[in-house]
Amino acid sequence: MSRTIGIYIETFFWSRHSLAGYPVQRATSTPVTSACFVMSLLIGGCTGAPQLASPWTSSGIQVDGSDVDWSHRRYVLEAVPLTLSVANDAEFFYLCAVTTDRGLQMRILGSGMELWVDPKGGTRTYFGVRVPPIDGQQFRRESGFEGGTLGGNRRGAGVGAGVQPAVSDSHLTAAFGELVGRRDIYILDSTEDEGDRIMPVRDDLVQVQLSYERGRLVYEARVPLHHFGHPSFELRAGERPVGVALRVPVPEMPLGGQFAGEQPVPGRDGGGLDRRGGGGVGGVGDFSGDRRGRASGRARPRRVPTEPLEQWIRIQLSAGGA
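Per my numbering, the sequence shown runs over residues 65 to 386.
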């Protein structure tokens, strides 16, 4: 049986909400109109994935890493500071995700980010698009974190050997600069696939763009409803839902390294998207900065991610213009 979980349609008027020590931006609710299309997010009884409806867009959406085209089309899960938006027209499915959480942002820097589509509405990683991570070694050299951690201090320990201050906002902005603009992306057919590298131009069917400014990371993507390359698929509007996932892989090498002899914490990935691929989104932990996602200026232990972060959502595409 499906159950409704708390969700709010984002407006430009935010209220602050504290959950388990994490201040979370919680959108105020607003009446649903033709412009604000979905009232609630459902957890499907069979897959555990949230389900929402995609609105029809008659003018298309320019995939440029900006979220200005997504006004009144944003969903906020109550537990985390993450907004998610979807839309479609006769040719494309569009997605926009925005986060201000420092922990999740650092994980994306070190691991990259993937968008997955299951045409049958399940949780199979059938067609994927990967934005690769930045050069971690270069980041550590330029930010002064060679051999240290991105942030965190063991109780009673000062900033010393193997422990470095939290990464500065200026270095973080520069690091995200590597992910912004026209760059290579990879088309995947499994999570183990190295992928086919492409550099999308304006008219390419698959597009992914990111932007980072004033602490906001915006991820924007589009995929065709009919893909004739490998792997091929067809997304049918107005029929069964489509499975869509955002996935952040395990980093090959953490951006900030780890303490000498420190072992990963089993089953604890530091938070972010639900690693189980279910309906919830977990908390965010020790990547950088304090618990509010701000740089603290001091160090503390950093949990090493041992599992990917993965959030599946079932999308009902609109056939409004068909």
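Note that the Cβ used here is the ideal one computed from N, Cα and C, for glycine as well.
Two segments are said to touch when three or more pairs of C-beta atoms, one from each, lie closer than 8 Å; by this definition the region 243 to 258 touches the region 183 to 195. By the criterion of a C-beta distance shorter than 6 Å, Asp133 is surrounded in its chain by Ile125, once the five residues flanking it on both sides are discounted. In the three-state reduction of the DSSP assignment, Gln273 falls in the strand class. If you draw a straight line from the Cα of Leu236 to the Cα of Glu303, it comes to about 42 Å. Cα atoms of Glu155 and Pro295: separation of roughly 17 Å, rounded to the nearest angstrom.
Per DSSP, the beta-bridge partners of Asp182 are Gly307. Note on Asp268: under 16 other CB atoms within 10 angstroms of its CB, so exposed under the neighbour-count rule. Pro288 is not a Cβ neighbour of Arg378, given a cutoff of 8 Å. Around the C-beta of Asp182, 16 or more other C-beta atoms lie within 10 Å, and the residue is accordingly described as buried. Taken in chain order, the region 241 to 265 contains no complete alpha helix (DSSP H) segment of 4 residues or longer. Take Ser175, set aside five residues on each side of it, and the residues of its chain with a beta-carbon closer than 7 Å to its own are Pro197, Val312, Pro313, Val314 and Pro315, in chain order. CA-CA distance, Tyr250 to Arg300, rounds to 24 Å.
DSSP places Gln115 in the strand class (E or B) of the three-state scheme.
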